[in-house]
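Take a look at the structure set out below.
Number of protein chains: 2
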Amino acid sequence: MASKVLENQRQRAPSKRSLETKSRILNAAEAVFSERGFDGASIRDIANRAQVNVALVQHHGGTKDALFFHVVARKAEQLAILRTDALIRRKRHGPLSLRDVLSCFITPFLERVLQGDPSWRAYGRLIAHVSADARWHEITEKCFDPTVAVFLEELAVVLPSVSRQQLGAGFVFTVSAMLSLCASRWRIDAMAQPQSDDDLVQTLLDFCEAGIARAAARPR
Amino acid sequence: MASKVLENQRQRAPSKRSLETKSRILNAAEAVFSERGFDGASIRDIANRAQVNVALVQHHGGTKDALFFHVVARKAEQLAILRTDALIRRKRHGPLSLRDVLSCFITPFLERVLQGDPSWRAYGRLIAHVSADARWHEITEKCFDPTVAVFLEELAVVLPSVSRQQLGAGFVFTVSAMLSLCASRWRIDAMAQPQSDDDLVQTLLDFCEAGIARAAARPR
DNA sequence: GTCTATAATGAGATAGAC
DNA sequence: GTCTATCTCATTATAGAC
């Protein structure tokens, strides 16, 4: 009898079903958080979307805060690798330009967010939400700041005459312009004829490249 | 008896006390909404901060949505006047430069938000929040789009060779960079030595001016 | 105009059976 | 791992006395 119980426990350490359930929950949380924000989302909404019992969300995701952090961190880790990989790969073809650095940061993100994948689309809105709220300071710090530091160093190499203040400001402006494409693209499209994703990304790169380069031309 | 009731009602049509109460409520709502967002804020928080009974918030502000709209619209009206006035005043001194147009849009806002006035500081964060969320589409449309349309026209005059798509994108990037100073200034300050408000605004204007001017140099 | 009291709902979290 | 049931609390909104 007792051995039968033990055997059962051993055999389903993390069962296949639970793995599926856990990632269904994370996906649902990603979608709901991105649509309604942290406070607007409820565990129950998430459970419904995941087609899972309410209690299971807490069981697999922990508290609501922990679940939120987990959702942000999951793709942030992928993103950190994609961005630094892009940087390393481009470095093999000689010294970097300003546009190279910006492109290695922006493109891996936007090409996923603007493309069809609904999960990345949701993630884009979610990050725009996280980034605009000082309350998520700590999440930003853990998930994104390490990569940002790497790219700031690269900017400093490319533009040695520009002060750290200028570079920091330019980088924040760049990130916020990038995120505006996640949350406010409808506004751009409403102002004129909609344009292709690719054109939009090039326009963004033009904008930020020129903006940061200006600091080099007019040191402060 | 009956005449006494009528007299009481007449004498305090909108009494001085009620006017004070109403604006205390709006100020409190502004502060709480800006700190916690729409969903994170509660009518009770607002009532407490206004030192007023819970029921009074509903009485003077209506539903939570209506109160939110009212708070956003209140300063938006002032802002629309300040911005267009700045435009008109500068037009008297000859034709506008690109930087003039951007400055007339950005400066009236940022000089209030970055300055000490806590009410405008709160409003800045609030607008950053509103702007990052498609849910407030309608509020944006009513409160800000008319002014934006005016400034887009001015941009088109200054840069006739640039497509509406490019101008629209450049304007959205500019607005989002501007709003990043409301919500994410701590991030800039964390990256390097903090800089003065004035330097920061000039850096922003340099960035956006160069960014939009680039579109003129490289038409798409 | 202001207050108390309460209705009606929905939230996050947990205990305990299976 | 999964589910039902429930605890505990906070929310918006309103009804009605003063």
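Going down the list, the protein sequences come from chains E and D.
Note that our numbering has the first sequence beginning at 8, numbered continuously upward.
Note that our numbering has the second sequence beginning at 8, numbered continuously upward.
Ideal Cβ positions, reconstructed from N, Cα and C, are used throughout, including at glycine.
This structure is a prediction, so every number in the text was calculated from the model and none was measured.
Check: Valine 108/D and leucine 188/D - do their beta-carbons sit closer together than 8 Å?; Outcome: no
Check: For the putative contact between isoleucine 195/D and glycine 69/E, defined by C-beta atoms under 8 Å, what is the C-beta separation to the nearest angstrom?; Outcome: That belief does not hold up - the Cβ atoms of isoleucine 195/D and glycine 69/E are roughly 33 Å apart, past 8 Å.
Check: Exposed or buried, which one is glutamate 84/E when buried takes at least 16 other CB atoms within 10 Å?; Outcome: exposed
Check: For serine 138/D versus alanine 184/E, is the C-beta distance shorter than 8 Å?; Outcome: no
Check: Nearest by alpha-carbon distance to cysteine 150/D: which of Ala80/D, Leu186/D, Ser30/D, Val61/D is it?; Outcome: Ala80/D
Check: Taking only runs that begin and end inside the region 125-213 of chain E, name each unbroken alpha helix (DSSP H) of 4 or more residues, in chain order.; Outcome: 125-138, 144-150, 152-165, 171-190, 192-198
Check: Let me know the secondary structure DSSP gives alanine 223/D once reduced to three states.; Outcome: helix
Check: For tryptophan 143/D, return the contacting residues in chain E, with the cut-off set at a CB-CB distance below 8 Å.; Outcome: Simply none; closest approach about 11 Å.
Check: With 16 as the cutoff for other CB atoms within 10 Å, does cysteine 215/D come out buried or exposed?; Outcome: buried
Check: Under 8 Å, with one C-beta from each stretch per pair, do the region 126-137 of chain D and the region 36-43 of chain D reach the 3-pair mark?; Outcome: yes
Check: Hey, quick one: how far does the alpha helix (DSSP H) through arginine 96/E stretch, first residue to last?; Outcome: 71-98
Check: Return yes when the Cβ of threonine 154/E is within less than 8 Å of the Cβ of alanine 93/E, no when it is not.; Outcome: no
Check: Look at the Cβ atom of isoleucine 32/E, then the Cβ atom of isoleucine 53/E, and state whether they are nearer than 8 Å.; Outcome: yes
Check: Select from His67/D, Asn55/D, Glu118/D the residue whose C-alpha is nearest the C-alpha of serine 203/D.; Outcome: Glu118/D
Check: Since I believe threonine 210/E is in contact with glutamine 173/D (beta carbons under 8 Å), could you give me their beta-carbon distance rounded to a whole number of angstroms?; Outcome: 6 Å
Check: Using a Cβ-Cβ cutoff of 8 Å, what residues of the region 156-175 of chain E are near chain D? List them in chain order.; Outcome: Leu159, Ser170, Arg171, Gln172, Gln173, Leu174, Gly175
Check: Compare the C-beta of lysine 11/D with all C-beta atoms of chain E and state if any pair is closer than 8 Å.; Outcome: Confidence is the limiting factor: at lysine 11/D the pLDDT is only 39, short of 50, which leaves the residue's position unreliable and the question unanswerable from this model.
Check: Indicate the three-state DSSP secondary structure (helix, strand or coil) for asparagine 60/D in the structure shown.; Outcome: coil
Check: Should aspartate 213/D be labelled buried (16 or more other beta-carbon atoms within 10 Å of its own) or exposed?; Outcome: buried
Check: Figure out for me which residue from Arg192/E, Ala48/E, Arg99/E has the closest Cα to the Cα of aspartate 72/E.; Outcome: Ala48/E
Check: If we cut at 8 Å on Cβ distances, does arginine 106/E have a partner in chain D?; Outcome: no
Check: Mind checking which residues open and close the alpha helix (DSSP H) that includes proline 115/D?; Outcome: 105-120
Check: Who are the neighbours of serine 187/E on chain D, taking C-beta pairs under 7 Å?; Outcome: Val179, Phe180, Ser183
Check: Can you list, in chain order, the residues of its chain with a C-beta nearer than 8 Å to that of threonine 147/E? Leave out the 5 residues immediately preceding and following it.; Outcome: Val137, Ser138
Check: Short of 6 Å in beta carbon distance, which residues of its chain neighbour valine 169/D, apart from the five on each side in sequence? Order them along the chain.; Outcome: Ala222, Ala223
Check: Could you name the residues of the region 207-222 of chain E whose beta carbon sits closer than 9 Å to any beta carbon of chain D, in the order they occur along the chain?; Outcome: Leu207, Gln209, Thr210, Leu211, Asp213, Phe214, Cys215, Glu216, Ala217, Gly218, Ile219, Ala220, Arg221, Ala222
Check: List, in chain order, every chain E residue whose beta-carbon is nearer than 7 Å to that of histidine 136/D.; Outcome: Ala139
Check: Quick check on aspartate 205/D: buried or exposed, where buried means 16 or more other Cβ atoms within 10 Å of its Cβ?; Outcome: exposed
Check: Going by C-alpha to C-alpha distance, which of Trp193/E, Thr181/E, Trp143/E sits closest to cysteine 111/E?; Outcome: Thr181/E
Check: For aspartate 46/D, which residues in chain E fall below 7 Å Cβ to Cβ?; Outcome: Gly44, Asp46, Gly47
Check: Judging by CA-CA distance, which residue of Val208/D, Ser30/D, Gly218/D, His67/D is the nearest neighbour of isoleucine 113/D?; Outcome: Val208/D
Check: Distance, Cα to Cα, proline 226/E vs isoleucine 219/E?; Outcome: 11 Å
Check: Name the residues in the region 189-201 of chain D whose C-beta lies less than 7 Å from a C-beta of chain E; which are they?; Outcome: Ala190, Ser191, Trp193, Arg194, Ile195, Met198, Ala199, Gln200
Check: Does any CB atom of chain E fall closer than 8 Å to the CB of arginine 128/D?; Outcome: no
Check: Helix, strand or coil for serine 30/D per DSSP?; Outcome: helix
Check: On a Cα-Cα basis, can you pick out the residue from Asp46/D, Thr28/D, Thr91/D that is closest to glutamine 65/D?; Outcome: Thr28/D
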